[in-house]
Every structure is written in C-alpha cells, then in structure tokens.
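**Q** Quick note: the sequence shown uses numbering that gives the first Met the number 0, first residue 0, plus one each step.
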Amino acid sequence: METNDDKRHQLLVEMMSSSGPAGAREGNENLLQPWRRLSRHLSPLIGESGFCALYGRASRLVQPEHTWLAAPAASKSIDGLVQALGDTYATVGTATAHAANAALLNTFTQLLSDLIGDALTTRLLHAAAQGDGGQKQSTGATRNDR
C-alpha cells in the first residue's frame, strides 16, 4: 500500500526530473523550477510571506546537513529567495546542489504536510508537478483524452 509520504516523494521526483545533469548554469536553473512551480500554487493559499517563512524553516532544518547552504535573509519576496538559492547553488557543484535541493524540497513539503495535511499537500504537489500546462481546477482525476 502506497503511503502519502511515498506519493509526496514520487511527486517531488517528478518535479525534479527536469533537473538532471546539464551545464552548471542550466542544471542550477533547472533546480529552481520546482520552487517556482510550488510558489505559484501555494502563494494563493498561504501568501508570499507564508511561503517565505516555510522556506526559511526548511532551510534552517537542512543547513546542518548542507552547511554551505546559508539560511535565507528575512525576505518577503519569493523571487528574492529563489534568486538567492540559485546564486548559492552556483557556488557548488551540480551534484552537491542537486542533493541539497532534494533535501530542501523534501523538508519543505514535509513541513507543509504537517501544516495542511497529507491529502492537500499531495494534491498541490500533483498540480505543481503538472507545470504551467496543467489545469488549475484539475483534482488529479483520470483523463478522458480520447
């Protein structure tokens, strides 16, 4: 039986699948895409300051494991956080940045799940994993594309 943690992890893997090894700049830019997608889906629900606070908490929790990953300054801008994260990733190798990004995303979504519940978190991650082309009103039901 698949647990909500398994579903959440699978959706995070889907979101990061486009962040495979590439040139350092392209690879780091791809690492930021899941953050941009999440912010577009979460901001209407928890606000920009809520997103920034949740990101800050996740960052502080993974910092002992990734000491080079500085805790973000108290930013009220998601764009500022994502830009700072990209700048930080540019200072390390792609594999190191990828590992830290995976830990940061996992921690962020676990905190989100603790706040709003597993089911809603999974639905939000599913919508974010679909990218910009996904329908906002979609609930993950099966498609009738015939």
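Backbone N, C-alpha and C define an ideal beta-carbon position, used for all residues, glycine too.
Which class does W67 belong to by DSSP, given the choice of helix, strand or coil?
**A** Position 68 of the sequence shown, counted from the start, is the residue given in the question as residue 67. Looking at W67 - three-state DSSP - the assignment turns out to be coil, as it is neither helix nor strand.
**Q** Can you tell me whether A57 is buried or exposed? The criterion is at least 16 other CB atoms within 10 Å of its CB, across all chains shown.
**A** Sequence index remark: in the sequence shown, residue 57 carries index 58 (1-based). Looking at its Cβ environment, which holds 16 or more other Cβ atoms inside 10 Å, A57 is buried.
**Q** The alpha helix (DSSP H) spanning Q82 covers which residue range?
**A** Counting from one through the sequence shown, the residue named residue 82 turns up at place 83. First-last of the alpha helix (DSSP H) with Q82: I77 to Y88.
**Q** Any idea if T66 is buried or exposed, counting beta-carbon neighbours within 10 angstroms, 16 or more meaning buried?
**A** The residue given as residue 66 occupies position 67 in the sequence shown. Note on T66: under 16 other CB atoms within 10 angstroms of its CB, so exposed under the neighbour-count rule.
**Q** Answer yes or no: do A127 and H40 have a C-beta to C-beta separation smaller than 9 Å?
**A** For the purposes of this step, residue 127 is taken as the residue at position 128 of the sequence shown. For the purposes of this step, residue 40 is taken as the residue at position 41 of the sequence shown. Yes, these two residues count as a Cβ contact at 9 Å.
**Q** Counting Cβ pairs closer than 8 Å, one from the region 30 to 39 and one from the region 81 to 94, do we hit at least three?
**A** yes
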